[in-house]
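Chemist: I have a structure here, written as structure tokens, and I will follow up with some questions on it.
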Amino acid sequence: MPTEHKQNKPVRTRFAPSPTGAPHVGNIRTALFAWLFSRHNKGTFILRIEDTDQAREQEGSVDAILDALAWLGIDIDEGLVSHDKEKGDNGPYTQSKRLKIYNNHAKQLVDLGKAFYCFCSSERLTVLRELQQSRKEPPRYDGRCLRLDPEEVEKQLAANVPHVIRMKVPQTGETSFNDAVKGIITIPNQSIDYQVLLKSDGFPTYHLASVVDDHLMEITHIIRADEWLPSTPKHVLLYHYFGWELPVFAHLPIILGTDKSKLSKRHGAVSVAEYKKDYLPDALANYLAFLGWNPKTEQEIFSRDELIQQFGLEKINKNNPIFDVKKLNWLNSQYIQALAPEVLAQKLSNDLKDVDSVKAGKIVSLVQDRLEKLSDFKAMIDFLGEPTHTYDATMLVPKKLDRPQTAHMLEISSKITEGINEEHWEEETLRQTFFAYCEQNDIGKGDLLWPLRVAVTGLKNSPDVFGVMDILGKKKTIEHIAHADKLLS
RNA sequence: GCCGCUAUCGUCUAAUGGUUAGGACGCCAGGUUUUCAUCCUGGUAAUCGGAGUUCGAUUCUCCGUAGCGGCACCA
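Residues -3 to 485 (the numbering used here) make up the first sequence, in order.
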């Protein structure tokens, strides 16, 4: 069966999440791909909320979704654009507000002879399913109500017997479609179930709602996760039943955890909100874009515009990638280093509340290239506090010296420090002064500077000592040295 | 059980009917540095297995195997 695509129409893609919890990186990656594709083609990106399962709905999910998209810079052209605002002429964009539309379409299929009423109780279906499973048969509706005569149907309907509407499926032949990622997919019709389209509560199932909406909203490219591939033949059948033109399907590989199972809460942080405190949105987007897609060059770091320019469905991989937080961390550190210090300071402003902007800029550039995650910052600048923290005094002693020699070094540092005028208290001046002293007096830089650095930071590993002193100021620096001296004796 | 998809270093991936199978992360080593990190240099490591087609297969075909996904009045 050849498939026709809406290839010549302006591109319209959608992200259609269910409000069943906080969106996680897998979901948002689907959104990113759909968005990238629409931007690449100067198309329209639509947000639609698929809330047809009342039981699973979770309060606040829509806001979380909106929030995650906004944070990642995925802007919405049409559909739900904020908590209570929609944009576009194809609304409403929340499925629970479109019940009548689905109802009419389901009835239309019944009239067309492509769907049928089913009065089977869920108890009967459960028994049926268990029986089939015990016989190692695929679980499947047995078609009982398919054979009901029309009068009987009318009678049951009139008596308000609970019922659903199921789609009919041919029992011979096969259904196939051309997936933009996976190629031609063919499934025997025998293995397609008589899918429920309209539930007994009057809500549609995903299958009916998404097909109807995608058509009505004129979606040209359905970009969604791989788990939908097996039910796509049902959707193709529905398009045919309605006589609608088929969109392009593109099924994305699924992101797996390190144990190769589908990424989930078991794998640690997965909700987008959890990434906000650690990662730059551009870094996450860059990383996510490379999970299952590759521009086929050796470039790794891509700006948003480059991503848009390079993106294409044909470059999407077929196999499922594993989420590797180490590479994300590396990418993030690269993005952090590329940031202007004042921009980074702005992003870290929560930890810089009592610091003026000049000083904040200095602090930030001091630690910028040691920062992997934004949340590491707080611990990194701990030494800027009071010199009350105690540390092991042996840390002050460099490899080649003993304690008395170290004390002597601290004395020298103290003297040099005292001698530097407050108005010349600046990183480069400090560096030059200390370096000059070492050269003139034939003292190893390491011998003098190691104890000083530990004294000033209280840390074995820390940023550049002169940068730290600059930020600390003369008075505090002297206090730190005195404190170290006390510890040593 | 049935249906479908997939298979290159540990991970993300590139490439090709003939290559020393390339890059990046990680890891290891060396250098720079007052320490660590950054940065620079180098190293480690892969075509799932078996047949077939072919002069030649990692690439094409088939069969295994493994992984993943689906099989709801959930999406």
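Built from N, CA and C at the ideal position, the CB exists for glycine as well.
Bear in mind the structure is a predicted one, so any value in this text is a computation, not a measurement.
(1) Between which two residues does the beta strand (DSSP E) containing phenylalanine 33 stretch?
(2) Would you kindly work out how many angstroms separate the C-alpha atoms of serine 14 and glutamate 46, rounded to a whole number?
(3) In chain order, what residues of the same chain lie with their CB nearer than 8 Å to the CB of methionine 391, ignoring the 5 residues before and after it?
(4) Mapping the DSSP letters down to three states, classify glycine 16 as helix, strand or coil.
(5) Measuring only the C-alpha atoms, how far is glutamate 55 from tyrosine 202?
(6) For glutamine 129 and aspartate 372, what's the separation of their Cα atoms in angstroms?
(7) Spatial neighbours of proline 277 within its chain, please: CB distance less than 7 Å, with the 5 preceding and 5 following residues excluded, ordered by chain position.
(8) What does a CB cutoff of less than 6 Å around histidine 1 pick up in its chain, not counting 5 residues either side in sequence?
(9) Just to confirm before moving on: does the CB-CB distance between isoleucine 359 and leucine 348 stay below 8 Å?
(10) My output table needs one value for glutamate 133: the three-state DSSP class, helix, strand or coil.
(11) What does a CB cutoff of less than 7 Å around proline 135 pick up in its chain, not counting 5 residues either side in sequence?
(12) Enumerate in chain order the residues of its own chain whose CB-to-CB distance from glutamine 364 is below 8 Å, with the five nearest sequence positions on each side excluded.
(13) So what's proline -2 in DSSP terms, helix, strand or just coil?
(14) With 16 as the cutoff for other CB atoms within 10 Å, does proline 146 come out buried or exposed?
(15) Among Lys38, Ser361, Asp197, which residue has its Cα nearest to the Cα of lysine 96?
(16) Leaving out five residues on either side along the sequence, give the residues of the same chain with a beta carbon under 7 Å from the beta carbon of leucine 344.
(17) Give the list of continuous alpha helix (DSSP H) stretches no shorter than 4 residues that lie fully inside the stretch 242 to 316.
(18) Counting only runs that start and end within the stretch 97 to 159, where is the beta strand (DSSP E) found for 3 or more residues in a row?
(19) Taking 8 Å as the limit between beta carbons, can you name the residues of its chain near valine 7, skipping five residues before and five after?
(20) Let me check understanding here. Comparing Cα to Cα, which of Lys81, Gln91, Gly84 lies closest to alanine 12?
(21) Considering just the uninterrupted stretch of the beta strand (DSSP E) at histidine 203, what are its terminal residues?
(22) Identify the residues that DSSP records as bridge partners of aspartate 175: which are they?
(23) Put phenylalanine 462 into one of helix, strand or coil per three-state DSSP.
(24) I need the straight-line Cα distance from threonine -1 to leucine 242, nearest angstrom please.
(25) Helix, strand or coil: which one does DSSP assign to isoleucine 161?
(26) Under a Cβ-count criterion, where at least 16 other Cβ atoms within 10 Å of its own Cβ denotes burial, should threonine 482 be classed as buried or exposed?
(27) Assuming contact is defined by CB atoms lying nearer than 8 Å, are valine 58 and tyrosine 113 in contact in what I supplied?
(28) Buried or exposed: which applies to leucine 153, given that a residue is buried once 16 or more other Cβ atoms fall within 10 Å of its Cβ?
(29) On the three-state DSSP scale, how would you describe aspartate 396?
(30) Does DSSP put histidine 236 in a helix, in a strand, or in coil?
(31) Between leucine 248 and the rest of its own chain, which residues show a CB-CB distance below 8 Å, the 5 nearest in sequence each way excluded?
(32) Can you grab the Cα-Cα spacing for the pair alanine 480 / glutamine 306, in whole Å?
(33) Residues in its own chain within less than 6 Å of glutamine 191 by CB, not counting five upstream and five downstream?
(34) Give me the Cβ distance between valine 157 and phenylalanine 199, rounded to the nearest whole Å; I'm assuming they're in contact under 8 Å.
(35) Looking at valine 208: is its Cβ nearer than 8 Å to the Cβ of tyrosine 98?
(36) According to the neighbour-count rule (16 or more other Cβ atoms, all chains shown, within 10 Å of its Cβ), is asparagine 417 buried or exposed?
Modeler: Short version:
(1) Annotation for phenylalanine 33: no beta strand (DSSP E) segment contains it, though the alpha helix (DSSP H) segment containing it runs 21 to 36.
(2) Cα to Cα, the separation comes out at about 5 Å.
(3) Around methionine 391: Val450, Lys456.
(4) The amino acid occupying residue 16 in the given sequence is threonine; glycine does not appear at that position. The answer is coil: DSSP assigns threonine 16 none of H, G, I, E or B.
(5) Cα-Cα distance, rounded: 20 Å.
(6) Just so you know, the alpha carbons of glutamine 129 and aspartate 372 end up roughly 52 Å apart.
(7) Taken in chain order, the residues that qualify are Trp67, Leu68, Gly69.
(8) With a pLDDT of 44 at histidine 1, under the threshold of 50, the modelled position of this residue cannot be trusted, and the question is left open.
(9) A distance below 8 Å separates the beta carbons of isoleucine 359 and leucine 348.
(10) Three-state result, glutamate 133: coil.
(11) Arg125, Gln128, Gln129, listed in sequence order.
(12) Only Ile332, Gln333, Leu335, Pro337, Leu340 meet the Cβ criterion.
(13) At proline -2 the pLDDT is 30, less than 50, meaning the model places this residue with poor confidence; the figure from the coordinates comes in the next sentence. Under the three-state reduction of DSSP output, proline -2 falls in the coil class, being neither helix nor strand.
(14) Exposed is the call here.
(15) Closest option to lysine 96, Cα to Cα, is Asp197.
(16) When the five nearest sequence neighbours on each side are left out, the beta carbons in the same chain lying within less than 7 Å of the beta carbon of leucine 344 are those of Val360, Leu370, Phe373, in order along the chain.
(17) Counting whole runs of 4 or more residues, the stretch 242 to 316 contains the alpha helix (DSSP H) stretches 268 to 272, 277 to 285, 300 to 306.
(18) As far as the stretch 97 to 159 is concerned, its whole beta strand (DSSP E) runs of at least 3 residues are 111 to 114.
(19) Residues Phe33, Ser34, Asn37, Lys38, Gly39, Thr40, Thr216, His217 of the same chain have their beta carbon placed closer than 8 Å to that of valine 7, with the five preceding and five following residues left out of the count.
(20) Here the closest residue by C-alpha is Gln91.
(21) First-last for histidine 203: 202 to 212, but that is the alpha helix (DSSP H), not the beta strand (DSSP E).
(22) Per DSSP, the beta bridge partners of aspartate 175 are Gly179, Phe245.
(23) It is helical.
(24) Because the pLDDT at threonine -1 is just 34, under 50, the model does not fix this residue reliably, and the point stays unresolved.
(25) Residue state for isoleucine 161 is assigned as strand, using DSSP reduced to three classes.
(26) First, the residue type needs correcting, since residue 482 is lysine and not threonine in the sequence shown. Under this definition lysine 482 is an exposed residue.
(27) The beta carbons of valine 58 and tyrosine 113 sit no closer together than 8 Å.
(28) Burial check for leucine 153: the Cβ neighbour count within 10 Å stays below 16, so the residue is exposed.
(29) The identity of residue 396 in the sequence shown is lysine, whereas the question assumes aspartate. Three-state DSSP puts lysine 396 in coil, outside helix and strand.
(30) If DSSP states are grouped into helix, strand and coil, histidine 236 belongs with the helices.
(31) These residues qualify, in order along the chain: Arg25, Thr26, Phe29, Val177, Ile219, Arg220, Ala221, Asp222, Gly288, Ile312.
(32) The straight-line gap from Cα to Cα measures roughly 56 Å.
(33) Here the set comprises Met163, His203, Lys230.
(34) Going by Cβ atoms, the distance from valine 157 to phenylalanine 199 rounds to 18 Å, so no, they are not a contact pair.
(35) In this structure, valine 208 lies near tyrosine 98, with their beta-carbon atoms less than 8 Å apart.
(36) Classification for asparagine 417: exposed.
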